[in-house]
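Chemist:
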Amino acid sequence: MHWSGTNYVIRFQCKRDNRPLPYDMFVQFTKKSPDGNVYIERLQYDKTLMEARKYLICKFLENRPVVTKIRSLGFWALPYDGLIIGLPEGIKIDAQVFGTSGHLSEVLQRVETILEHPNRPFTRLESDGLKLGDGQNPKVREARVLVLVNNWQVDVVALCREVPNKHFVITNVDLIQPGGYATIVENVSNAEGTLGTCYEFAKLRTGRDPMTAIAQRFENAIVEET
C-alpha cells in the first residue's frame, strides 16, 4: 500500500473516532531458503511504520547462530520518527563501515554491544551530528575515513583542526568561505604529524575561489587553471 498524507489523515480520524480502518494494514516477510523454497509470512499489523520496520528487521535477523557480516551498518533518523534502533537480543554484527544520525559519541557507545569487533577501527565513519567534542573520541579519531554528512550546525574549519583523521570528507561545503580553506591548509601546515592528510570537499562546484584564497595566504603558491 502506498503510504501518503491522505492515509495518515484517515488513520488519525479513525483512531480519534474509535472506528475501524477502511483498509487492511499488514506487513509481509518473504524469505528464500538455500534449496529454493520461498517462505511468505503476512499478518495484520495495526501499528506505526517504524514498529513494523523493527518487527521485520528482528524477523530477518533472529535465530542466527553465526555473526552477521555486512559491509555497512547505518542508523539514520527519518523525518518525524527520530532515531530508533530495533534489533534482536544478542545479535552480533561484523561491519567495517558505520553511519548514524544523532549524537555520534553516544550512538557509538550504545552500538558497541552489537559489534563483533568493538575495538576495531572503522574503515569509514559517517555522521550528520559530528561535533567538536567528538574529536576526542577514540573511535572517531581512529576511523580511516571520517565523513561529515550535511551538518549545518558545526564550525567546519574548527572541526578540521580538531580531528586528526588522515582522510576527512565534508559534504556541506556551503558553510566554508574561501578564506576558510586557507585556514584549514594553514592549520595542517603548522601541526605535527599531518603528513598525508587529505580533506575531500564533496559537491564543490569549482575550486577556483578556495585555491585563490590559499594562494593569497601563502608565499610562492601557484594556482593552475583547470
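Its first residue numbered 26, the sequence shown is counted upward by one per residue in this note's numbering.
Cβ coordinates follow ideal geometry from the N, Cα and C atoms, glycine included.
(1) Are the CB atoms of residue 224 and residue 239 within a distance shorter than 8 Å?
(2) Determine the burial state of residue 216: buried for a count of at least 16 other Cβ atoms within 10 Å of its Cβ, exposed for fewer.
(3) Among residues of its own chain, excluding the 5 on either side of residue 200, which ones have a beta-carbon nearer than 6 Å to its beta-carbon?
(4) Using a 10 Å radius around the Cβ and a threshold of 16 neighbouring Cβ atoms, would you call residue 61 buried or exposed?
(5) Quick one: is residue 37 buried, meaning 16 or more other Cβ sit within 10 Å of its Cβ, or exposed?
(6) So, with DSSP's three-state summary, where would you put residue 35?
(7) Are the stretch 67-75 and the stretch 114-126 in contact at 8 Å, needing three or more beta carbon pairs?
(8) Determine the closest residue to residue 119 out of 178, 99, 113 and 140, with distance taken between C-alpha atoms.
(9) Where does residue 94 sit, in a helix, a strand or coil, going by DSSP?
(10) DSSP on residue 52, reduced to helix/strand/coil?
(11) Need the endpoints of the alpha helix (DSSP H) that residue 166 sits in, please.
(12) In the DSSP assignment, the alpha helix (DSSP H) including residue 76 goes from what residue to what residue?
(13) Give the range of the beta strand (DSSP E) segment to which residue 152 is assigned.
(14) Helix, strand or coil, according to DSSP, for residue 180 in the structure here?
Modeler: With the given structure in hand:
(1) no
(2) exposed
(3) 181
(4) exposed
(5) exposed
(6) helix
(7) no
(8) 140
(9) strand
(10) strand
(11) 163-166
(12) 74-86
(13) 149-152
(14) coil
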